[in-house]
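Heads up, the thing below is written out as structure tokens.
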Amino acid sequence: MMTPTLRYRGRVDLGMDCEFGIFDWMAGNIAIPANIADADEAAISLANFLKALHLKPTAGAPIAGPINKLRGIPLAEISERTLPAIEIVSDEIDAKVAVELWNEALAEKYDAPPVWLHGDLKADNLLTVGGKLAGVIDWGLSAVGDPAADYATAWSWMQPSARDGFRSVLGLSEGEWLRGKAWALYGAVIALSYYRGGKNEPLCEQCRLTLSRLDLMC
2 MMTPTLRYRG RVDLGMDCEF GIFDWMAGNI AIPANIADAD EAAISLANFL KALHLKPTAG
62 APIAGPINKL RGIPLAEISE RTLPAIEIVS DEIDAKVAVE LWNEALAEKY DAPPVWLHGD
122 LKADNLLTVG GKLAGVIDWG LSAVGDPAAD YATAWSWMQP SARDGFRSVL GLSEGEWLRG
182 KAWALYGAVI ALSYYRGGKN EPLCEQCRLT LSRLDLMC
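If you count the sequence shown from 1, you need to add 1 to reach this note's numbering.
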């Protein structure tokens, strides 16, 4: 699987420290269903990519937190954001079931060493070539933490029929799978609660698709 090659890293002063990087261009198409020949194969390819990512050294790596928009931190630390967002969109989802899911996931604490995670595995950060998943781009939210933040892609991006293969390759426990569902819930309700009402309808529709895959839509 291709990843961007950094050619130059710099910093500019725009009233605040602003780092930037220049990377090689990676050819490919965004990983929407129309560009994927075999959804099961794509899911397995991503699972194998994540397995390899989890083995990368973490010494000196950024720790999940504000630096990467909280992706991969303990779920308990984002409850104060998640629960109000669920309430805001309770006219569209089954809030009671959503809260139950969240609370169940809170009980499944991540107690292993932190590993690398991408933090934003969505269609326009995944590239296909010839109908196959071929690259992962936009690593701006990567850090080390709970990899379940990346497992959310099983509901936000992946075709439902491909989920079992993805989970099997990664060998995920019930607790890991549940935390992945919670991260999918978090991402969807946070974005939907903020952007609905005409601010970003395509994103809201994607959030609703994720919530429907979690069986939470009214």
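A virtual CB, placed ideally from N, CA and C, is assigned to each residue, including glycine.
Query, Result
"Between S194, L193, A192 and F167, which has its C-alpha nearest G181's C-alpha?", "F167"
"In the DSSP assignment, find the unbroken alpha helix (DSSP H) run with K133 in it and report its ends.", "Careful: K133 lies outside any alpha helix (DSSP H), inside the beta strand (DSSP E) at K133 to V137."
"Is the beta carbon of I23 closer than 9 angstroms to that of Y9?", "yes"
"Under a three-way DSSP split, which group does D65 fall into?", "The amino acid occupying residue 65 in the given sequence is Ala; Asp does not appear at that position. Looking at A65 - three-state DSSP - the assignment turns out to be coil, as it is neither helix nor strand."
"By the DSSP assignment, the beta strand (DSSP E) with W117 in it spans what residues?", "V116 to L118"
"In the structure shown, what three-state DSSP assignment does N201 receive?", "coil"
"Identify which residue in L128, P148 and G146 has its Cα closest to the Cα of D139.", "L128"
"Return helix, strand or coil for E20, following the three-state DSSP convention.", "strand"
"Terminal residues of the continuous beta strand (DSSP E) containing G146?", "A144 to G146"
"Is the distance from the Cβ of G120 to the Cβ of G73 below 9 angstroms?", "yes"
"Alpha carbon to alpha carbon, how far is I68 from D18? Give it in angstroms, no decimals.", "14 angstroms"
"Take every Cβ of the stretch 142-156, pair it with every Cβ of the stretch 81-91, and state whether three or more of those distances are shorter than 8 angstroms.", "no"
"If we count Cβ pairs, one from each stretch, closer than 8 angstroms, do we get three or more for the stretch 51-64 versus the stretch 25-40?", "no"
"Look up R72 in the DSSP assignment and say whether it is helix, strand or coil.", "coil"
"Can the beta-carbon of L193 be found closer than 9 angstroms to that of V90?", "yes"
"So, is S174 buried or exposed, given that buried needs 16 or more other C-beta atoms within 10 angstroms?", "exposed"
"Could you round the C-beta distance between W156 and L215 to whole angstroms and report it? I think they count as a contact, below 8 angstroms.", "6 angstroms"
"Could you please give me the residues that DSSP links to Y9 through a beta bridge?", "I23"
"Going by Cα to Cα distance, which pick from E101, D14, L134 and K70 is closest to M3?", "L134"
"CA-CA distance, Y195 and Y152?", "23 angstroms"
"How far does the alpha helix (DSSP H) with L179 in it extend, from its first residue to its last?", "E175 to Y196"
"Sort out for me which residues DSSP pairs I31 with in a bridge.", "L128"
"Could you give the distance in angstroms between the alpha-carbon of A106 and the alpha-carbon of L76?", "8 angstroms"
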